[in-house]
Amino acid sequence: MNKTWLVLRNGIISQVTRKSWLLVTCGLPVLLALIMLVPPLLRGNPSGASASSEPVTSPTVEGYVDQSGLITRIPDNVAGLLRPYSDEASARRAMASGEISAYYLVPADYVESGDLAYVLPDPKAFSLDGQSWVMRWVLLVNMVGGDEGLAQRLQNPVNLRVRALTPSTGPEVGEGPAYWIPYTTAMILYIIIIMSSSLLRSSLGDEKKNRVLEILMVSLSPQQILTGKVVALAVVGLLQTAIWAGTGYLLLKVAGGTINLPPASQLPVAVVLWALVFFILGYGVYASLLAGLGALTGPNVPGSSTADFVIIWPMIIPVFLMTIIIPNVNGLLAVLLSLFPPTAPVAMITRLAVGGVPWWQPVLSAVLLGVTVALVFRVVARAFRAQVLMSGQAFTSRGYFALLMGREEPDTRSDCSNVGLE
Amino acid sequence: MDAVEVKRIVKSFGSTRAVQDVSFGVRNGEILGLLGPNGAGKTTCIRVLLDIFKPDQGSVSVFGGPMTEAKKDRIGYMPEERGLYQDLALQRCLVYLATLKGLSASEARQRVGQYLQQFDLAAHRDKKVKELSKGMQQKAQLINTIAHWPDLIIIDEPFAALDPVNTQMVKDLMLDLKRDGRAIILCTHQMHHAEELCDRIVLIDRGRVVLEGALDEIRRQYAGNAVLVRVTGALPEVGGVLQETRHNHTRHWTLAEGTSPQDVLKHLVSSGAVVEQFEIALPSLEEVFIKVVGGPDPGRSPGGEAGDA
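Protein sequence lines, in the order shown, are assigned to chains U and L. Reminder that position 92 of the first sequence reads as 92 in my numbering, one-by-one numbering, no gaps. Reminder that position 269 of the second sequence reads as 1269 in my numbering, one-by-one numbering, no gaps.
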């Protein structure tokens, strides 16, 4: 069996069977489930222990008693959620029988005072994040004479679009999808890369500490070790992300929510595919560099906590420059950042999410990034051989970059003591 | 043909020369002792041999040529202490490492199972490695070293954590492997084990080979003018004995210059003593070691080889 495959398989199994990984991966969705599902359940079961003896009313159906005569029609989209009652006594009876969970009392002077009473059987059942929006929407529509379009405009009177007089190469600056899609995509990419790379670094550090790497190096080439581990932890990182995303989606469905993005906010399939390509390549570069760091320092050595940042900071640059990249998606800075391999994964995804990028640029960027992955891989594999058996050394940027430049050993006397000349 | 031939290797780390002009070889069916004090350069030599470090000068030939990935499967290496996944179950860890040496999963499971029985570890197969005692971990490492039936076995301090029973078991195993035609390199600074097992030794100090050869030749080479004598009954007066030490009934006589063992034997026989034992006293390997390497050197690394490279 291919040895790289064996390392890969072992890397995945070892990681996903770790208690800490299982705890984080499963604990987060469980926590989310508790946050999302428990409060509504409690609201639906206000009387606690007596719940089993009383019918639980649907929390989505409420009633109203309109003493002002304002409400003449219920908009179609909330038609089933509100029931009219002629007087408070009948509304109260309906609530007692479980027909409705609560009712609104619209007083005669509502238009002047804006006061509205919300009557419910138990104060514990009240929640600010309930469905008061239904009543607000009904009142608003009726106040503007039933014109739902006008009501919508009143709800969101300003959709600000800024237009500069000087020509722009990108889309107009605006709030909304043009900004949050690139931001979100880039941040997800960034988080997955950091998460997977850190796992890799910690795993290598442990193996170095317990000298398993020494055994592995007598069985495998550094390239085989690196490839197996880098791919394994990419799979683990993606698996964790998929579990979190899947659980989040499921919980949203269970809780009755939906994700209906407007067409302008949905990413084209091509961009999603490019995101995958740039994730793999970006992960290849940064995971390899962090693997080199793991081999150089090992776990819990001075400077290792700041070392990650030194290596990762180029990836963060485009995140800080998004306000410049997004409105000038084909500007010089945006193009340079998306072609320069260390910044390319985040910068190119940002530009692609905005749109209007010439087709050859992502291709060229991916090729350059691919070449960089190969080079970094080669350099780190060589460093692996030289550094993997040294005792844990304190991290220094100088030492690390000297290592990547091909100097096998530290050349100071103090460092040599770490070499353990046996 | 030598299983391994190391020729004049030099390896430096920065300004420190770890190994200088070291040469040695080991043949199939032979145990070579790679001896030396802490920090002498033994582990660096082994790592150069295993192609983990590239030598600055010199060459290494393994199974008749340079090291290749395929040849690595014919080598079993046991570093001093550790070298196993602490959080994995013992059997899973050993099977995984054996598959990396080219065994199929079923083959690896079968062999590891057999060795676990042989080494009295079968009952612990599902325990995590870190839950095992030091001695058990040492045995597990040994299983990892030999499970793929390597042609060349390199073992660094295999007896460190073993009790006398297990020490003898490991010695017997090493002798069996030697009889089976495997080439074995034993790194140790426990001279009595090397004396018992090795056919030849290479003594390294401060990165240089200071002594090498067959064990008997070396001991003869360092033999002083001394004899071991045991007689029954009264002991006649013997001239030319500078110093006498006793171990039970055996006397160790250091002879004066100009007095030969033949003179002493002749005198004993002619005096009518009943001689039960008379032999040239050879120094132990430990005595040779101390003689060659000398006392403690403040410039030498204090920490043990502990594997650090």
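Yeah, the Cβ is synthetic: ideal placement off N, Cα and C, and Gly gets one too.
| Item | Value |
| --- | --- |
| Contact under 8 Å by Cβ, A102/U with V119/U | yes |
| The segment 1106 to 1140 of chain L: positions lying closer than 8 Å to chain U by Cβ | none |
| Proximity below 8 Å, CB of I12/U to CB of V236/U | yes |
| Closer than 7 Å at the beta carbon, the chain L residues around K3/U | L1100 |
| Sequence-distant residues of its chain with Cβ nearer than 8 Å to I1146/L (five each side left out) | G1076, Y1115, I1153, L1173 and L1177 |
| Cβ of R378/U within 8 Å of any chain L Cβ | no |
| Spatial distance of N1248/L from N1225/L (CA atoms) | 21 Å |
| Spatial distance of F384/U from A374/U (CA atoms) | 15 Å |
| Chain U residues whose Cβ lies nearer than 8 Å to that of K1071/L | Neighbours of K1071/L on chain U: none; closest Cβ ~11 Å, over 8 Å. |
| Helix, strand or coil at K1127/L according to DSSP, with G and I counted as helix | coil |
| Rounded Cβ spacing between F279/U and I192/U (contact assumed at less than 8 Å) | 7 Å |
| Start and end residues, alpha helix (DSSP H) containing Y249/U | P222 to V254 |
| DSSP beta-bridge partners of D1156/L | C1187/L |
| Reduced DSSP category for R83/U - H, G, I as helix; E, B as strand; rest coil | strand |
| D206/U - DSSP class collapsed to helix/strand/coil | helix |
| Assigned secondary structure, L189/U (DSSP; H/G/I helix, E/B strand, else coil) | helix |
| Beta-carbon gap between K1128/L and A1089/L smaller than 8 Å | yes |
| Within chain U, partners of G1083/L - CB distance below 8 Å | N210, R211, V212, E214 and I215 |
| 8 Å Cβ cutoff met for A291/U and V380/U | yes |
| The alpha helix (DSSP H) enclosing H1247/L, as first and last residue numbers | No alpha helix (DSSP H) holds H1247/L; the beta strand (DSSP E) holding it covers V1241 to H1247. |
| Assigned secondary structure, K1011/L (DSSP; H/G/I helix, E/B strand, else coil) | strand |
| Chain U within 8 Å of L1097/L, Cβ atoms only | yes |
| Segment contact, 8 Å Cβ cut-off, at least three pairs: the segment 1219 to 1237 of chain L with the segment 1280 to 1287 of chain L | yes |
| Three-way DSSP call (helix, strand, coil) for Y1085/L in this model | coil |
| Nearest residue (CA-CA) to T241/U, options Y190/U, E207/U and W133/U | Y190/U |
| Paired residues, beta bridge with W1253/L - DSSP | V1227/L and E1244/L |
| Candidates E1217/L, I1046/L and K1130/L: closest to L1186/L by CA position | I1046/L |
| Simplified DSSP state of D76/U, which is helix, strand or coil | helix |
| The segment 1043 to 1066 of chain L: positions lying closer than 9 Å to chain U by Cβ | T1043, T1044, C1045, I1046, R1047, L1050, D1051, I1052, F1053 and K1054 |
| DSSP bridge partner residues for R1017/L (one or two, in chain order) | S1012/L |
| Beta-carbon neighbours of Q1020/L, restricted to chain U and to distances below 7 Å | Neighbours of Q1020/L on chain U: none; closest Cβ ~12 Å, over 7 Å. |
| Cβ-Cβ distance between V106/U and D66/U below 8 Å | yes |
| Counterpart residues of D1205/L in DSSP-defined beta bridges | R1208/L |
| Cutoff 8 Å: Q1190/L Cβ touching any chain U Cβ | no |
| T1232/L - DSSP class collapsed to helix/strand/coil | strand |
| Through-space distance from L239/U to Y283/U, alpha-carbon basis | 15 Å |
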